[in-house]
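What follows is a short report on a single structure.
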Amino acid sequence: MPLRAVYTPPVCEDAIRNLLANWKGNPPIFTAYKLFYCFAAYPLKTLNQLRPLLIGFRKANGLTQKDLSERLGVTQQTYARLEADPGSASIERLFKVLTLLGVEVVLSSEPRGLLSASSST
């Protein structure tokens, strides 16, 4: 069962809210194009993939490790260790970090046929 991190930048939430408030009929093509880039899903199949995602989400929010550590109530060194090896962090701590970064965690399962086919290769 892959884990997907879904990131919605705050600016996109405003764009979506405005679109829904003014939507009559089909949205203009450029609006649909903008909305497409507001949501991104990053399938996570190994813990090694988590580190670059955490760094990317943090930087996309314009935050330093120190900024995020202050919001978490830990030292910058403690947060740096978490970011360097997120697989050793508790799920509770990771959830808190992801929430602060505006990331939604979505669990999904593959259809049985795909799962058995991919595991046999």
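Quick note: to get the numbering used here, add 1224 to the position in the sequence shown (first position is 1).
All residues carry an ideal CB built from backbone N, CA and C; glycine is no exception.
When DSSP labels each residue in this structure, what does residue i get in the three-state scheme?
i: Glu1328; result: strand
i: Leu1287; result: coil
i: Ala1304; result: helix
i: Glu1334; result: coil
i: Val1321; result: helix
i: Gly1203; result: Here the chain has residues from 1225 to 1345 only, and residue 1203 is not among them.
i: Gly1280; result: helix
Between which residues of its own chain and residue i is the CB-CB distance below 8 Å, once the five residues before and five after are set aside?
i: Thr1299; result: Ser1293
In or out: residue i buried (at least 16 other Cβ within 10 Å) or exposed?
i: Leu1322; result: buried
i: Leu1306; result: buried
i: Leu1325; result: buried
Rounded to the nearest angstrom, what separates residue i and residue j at their Cα positions?
i: Met1225; j: Leu1331; result: Unreliable placement is indicated for Met1225, whose pLDDT of 47 sits below 50; no coordinate value is reported for it.
i: Pro1267; j: Ser1333; result: 11 Å
i: Gly1286; j: Val1327; result: 14 Å
i: Thr1270; j: Gln1301; result: 24 Å
i: Ile1279; j: Ala1308; result: 9 Å
i: Ile1315; j: Val1329; result: 11 Å
i: Arg1282; j: Pro1276; result: 10 Å
i: Asn1272; j: Ala1284; result: 20 Å
For residue i, which residues from the same chain have a beta carbon less than 7 Å from its beta carbon, with the 5 sequence-adjacent residues on both sides left out?
i: Tyr1303; result: Gln1289, Leu1292, Ser1293 and Leu1296
i: Leu1318; result: Pro1310
i: Leu1274; result: Leu1268, Pro1310 and Gly1311
i: Lys1320; result: Leu1296
Does any heavy atom of the ligand SAH sit closer than 7 Å to the C-beta of residue i?
i: Lys1320; result: In the structure on display, the ligand SAH does not appear, and there are no ligands present to speak of.
Ordered along the chain, which non-local residues of its own chain (more than five positions away) have a Cβ less than 6 Å from that of residue i?
i: Ala1313; result: Leu1306
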